[in-house]
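Reviewing the structure listed below.
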Amino acid sequence: MKKAIYFLSFLLVSSFFIMSCETDSDEENLDSGSGNCNASRIEQLSVDVSDTGVAYAGNQTTANCIAYNNALTAFINEAENCPEVQAQVNQLKELQALLSCN
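The sequence shown runs -20 to -1, 1 to 82 under mature numbering (1 follows the signal peptide of the UniProt record, and there is no 0).
Printed below as a string of C-alpha cells:
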C-alpha cells in the first residue's frame, strides 16, 4: 500500500513537471503569477520529490523516508505562494501527512 501511495505522488509531481515544461509561455505565466513563483526552482524541486519518492518506494529505509519528506517540505514551501500549483501543493500536503519515518 505504501509503495502505491509513493508511486502516485511520483506520478502527480511528474505530471506537474511535464505540464510546466510544455512551453516557454507556460513558464512565463507561472513566473508572472500573483504569488512569488520561481518556475525553474519549482521544476527542480518536483524532480527532487520524484527522485526521492521513487527511491523510497523501492527501498523503504528511514534515510530514504527522511530524504523524501525533506523533498516534499522543500517543494511545498517553495510552491505554497503559487496559485497555479495549489492543487498539487494540497495533494502533497495530504501525502506528507501519511508519511511516517519512524
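By construction, the Cβ of each residue, glycine as well, lies at the ideal position given by its N, Cα and C atoms.
Notebook entry, point to check: Smallest Cα separation from LEU72: which of PRO63, THR53 and ASN44?
Noted result: That would be THR53, whose Cα lies nearest to the Cα of LEU72.
Check: To which residues of the same chain is ALA35 closer than 8 Å at the C-beta, ignoring the five residues directly before and after it?
Finding: The residues are ASN44, ALA47 and TYR48.
Notebook entry, point to check: In chain order, what residues of the same chain have a beta carbon less than 6 Å from the beta carbon of VAL65, not counting five sequence neighbours either side?
Noted result: Within the same chain, ALA59 come within 6 Å of VAL65 by CB-CB distance, once the 5 residues on both sides are set aside.
Next item on the list: State the start and end residues of the unbroken alpha helix (DSSP H) segment that holds CYS45.
Entry: Taken as a continuous stretch (DSSP letters only), the alpha helix (DSSP H) holding CYS45 covers 42 to 59.
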